[in-house]
Amino acid sequence: MARTLRGINPDSKPKGNGCEECLKEGSWWLHLRRCAQCGHIGCCDSSPGRHAARHAALAGHPIVASFEPLQNWFYDYEKKKVMRGPRLVGPRWHPETQPAPGPKGKVPPNWVSLLHEVA
Ligand SMILES: [Zn+2]
Ligand SMILES: [Zn+2]
Numbered sequence: 016m017a018r019t020l021r022g023i024n025p026d027s028k029p030k031g032n033g034c035e036e037c038l039k040e041g042s043w044w045l046h047l048r049r050c051a052q053c054g055h056i057g058c059c060d061s062s063p064g065r066h067a068a069r070h071a072a073l074a075g076h077p078i079v080a081s082f083e084p085l086q087n088w089f090y091d092y093e094k095k096k097v098m099r100g101p102r103l104v105g106p107r108w109h110p111e112t113q114p115a116p117g118p119k120g121k122v123p124p125n126w127v128s129l130l131h132e133v134a
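The opening position of the sequence shown corresponds to residue 16 in this note's numbering, with each subsequent residue numbered one higher.
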């Protein structure tokens, strides 16, 4: 029996090691989020691209899990709430070799001033 949870499929694998859209655009991110439903990897709301939130809106996949090492919280974009969730299939976080901000070589020297403020 497949586990059915709103916005969460524990068996969908992460689709990459970095934000899918940033990698395509040659851009950079601060932190990474994993779509809990399809495994899309996007950047957080402080990152210039905010691709995790955009994916949530476009795909209708409301829940992300942190893709940062040792973090295991989830966030629900519809309810705007941090939440707990089931253990997702690995890898659960981006590799240690992936810096934050990342990816290596694409982060501008003034990156701190380019972040969005998140309440
Ligand atoms: Zn991004
Ligand atoms: Zn998704």
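Idealized CB from N, CA, C, for every residue including glycine.
Review point. What separation, rounded to the nearest whole angstrom, lies between the Cα atoms of lysine 119 and glutamine 113?
Key: CA-CA distance, lysine 119 to glutamine 113, rounds to 7 angstroms.
Practice item. Give a single yes or no on whether glutamate 83 has its beta carbon closer than 7 angstroms to a heavy atom of ligand 1. Key: no
Review point. So, tryptophan 48 versus alanine 80, is the Cβ gap smaller than 8 angstroms?
Key: First, the residue type needs correcting, since residue 48 is arginine and not tryptophan in the sequence shown. Yes, Cβ-Cβ distance for arginine 48 and alanine 80 is below 8 angstroms.
Point to revise | Contact test: histidine 109 Cβ vs ligand 2 heavy atom, cutoff 7 angstroms | key: no
Exercise for review: Apply the 10 Å Cβ neighbour rule to asparagine 125 and answer buried if 16 or more other Cβ atoms are within range, or exposed otherwise.
Suggested key: By the neighbour-count criterion, in which 16 or more other beta carbons inside 10 Å mark a residue as buried, asparagine 125 falls on the exposed side.
Review point. For methionine 16, does the three-state DSSP call read helix, strand or coil?
Key: In this prediction, methionine 16 has a pLDDT of 47, which is less than 50 and means its spatial position is unreliable; nothing more can be read from the coordinates.
**Study point:** Proximity winner among Trp44, Leu20, Ala51, Ser61, relative to glycine 105 (alpha-carbon distances)
**Key:** Ala51
Check your understanding: Apart from the five residues on each side of it in sequence, which residues of its chain come closer than 6 angstroms, Cβ to Cβ, to glycine 57?
Key -> Cys34, Arg48, His66, Ala67, His70
Practice item. Note the first and the last residue of the continuous alpha helix (DSSP H) segment covering valine 127. Key: Annotation for valine 127: the continuous alpha helix (DSSP H) segment containing it runs 126-129.
Point to revise | serine 61 Cβ short of 7 angstroms to ligand 1 heavy atom set | key: For serine 61, the shortest C-beta to heavy atom distance toward ligand 1 is 7 angstroms or greater.
**Study point:** Beta-carbon proximity of glycine 64 to tryptophan 44, cut-off 8 angstroms
**Key:** yes
**Study point:** Span of the beta strand (DSSP E) around lysine 96
**Key:** 96-98
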